[in-house]
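Report on one structure; see the data block that follows.
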Amino acid sequence: MSRRALFFIALFSALAALVAGLFARRAFDRLVTTRRFPVAAVPIEPYTIIRPEMLELRELPRPLEKEPIYLSIEEAAGKMSTLRIPAGALLYRDFAVRPAEFRYVDDPNLAVVSFPVAPEKAVGGQVRIGQRVDIWRIARAEAQRDLSPLQAIQI
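Going by numbering that gives the first Met the number 0, the sequence shown opens with residue 0, and the numbers climb by one from there.
Laid out in structure tokens, this is it:
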């Protein structure tokens, strides 16, 4: 081979190596570079308003930014958990929502009350997970017989 051909082959090889090196560096940084993401510092029970002290920052791979998760503690604080979030878990946007989004009714004067119940012990095992149970209390009316049905029943 002539010297000229060897020179062009060497030049082409050097350029190809440079392009491959730049591509590898970019891909490596994208895959290996880390970022601090908020995770649950303690287990968070369902229907809990998330406070900043319940969260901590942990170094995780940067590509997680593309997931539907909260990216800062300030962004996640004040949200209500929709399910149990174990300690160390990322906070996905479906796991914690604004309390207004979580409400079942638009009227702020009404409240939906939730409390844990062992299904096997509730009403002889008749209540199943996810069922709606309404709890009513009869108003105490000592001598008043002229109450309307709405006045007699209180939530």
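We put the beta carbon where it would ideally sit given N, CA and C, even for glycine.
Nothing here was measured: the structure is a model prediction, and the numbers come from that model.
DSSP three-state label for residue i, please.
i, result
"E66", "coil"
"S12", "helix"
"F6", "helix"
"L90", "coil"
"V38", "strand"
"A95", "strand"
The beta strand (DSSP E) that contains residue i, what's its start and end?
i, result
"E55", "L54 to P60"
Quick one: measure Cβ to Cβ for residue i and residue j, integer angstroms, because I've assumed they're closer than 8 Å.
i, j, result
"R97", "E44", "R97 to E44, Cβ: 18 Å. No contact."
"E55", "V38", "6 Å"
"P67", "R35", "About 18 Å separates the two Cβ atoms, so there is no contact after all."
"I72", "P42", "Not confirmed; about 17 Å, so no contact."
"A33", "R3", "Note that residue 33 corresponds to Thr in the displayed sequence, not to Ala. With 8 Å as the limit, T33 and R3 do not qualify as a contact, their Cβ atoms being about 48 Å apart."
Given that a residue counts as buried once 16 or more other Cβ atoms are within 10 Å of its Cβ, and exposed if not, what is residue i?
i, result
"L90", "buried"
"F11", "exposed"
"I48", "exposed"
"S80", "buried"
"M0", "exposed"
"A88", "exposed"
"A75", "buried"
"F7", "exposed"
"F94", "buried"
"A142", "With a pLDDT of 49 at A142, under the threshold of 50, the modelled position of that residue is not reliable, and no figure is offered here."
"A19", "exposed"
"A9", "exposed"
"K65", "exposed"
Just reading off the alpha helix (DSSP H) that residue i is part of, what are its end residues?
i, result
"A75", "I72 to A75"
"A99", "P98 to F101"
DSSP has residue i in a bridge; who is on the other side?
i, result
"M79", "I48 and V96"
"T33", "P60"
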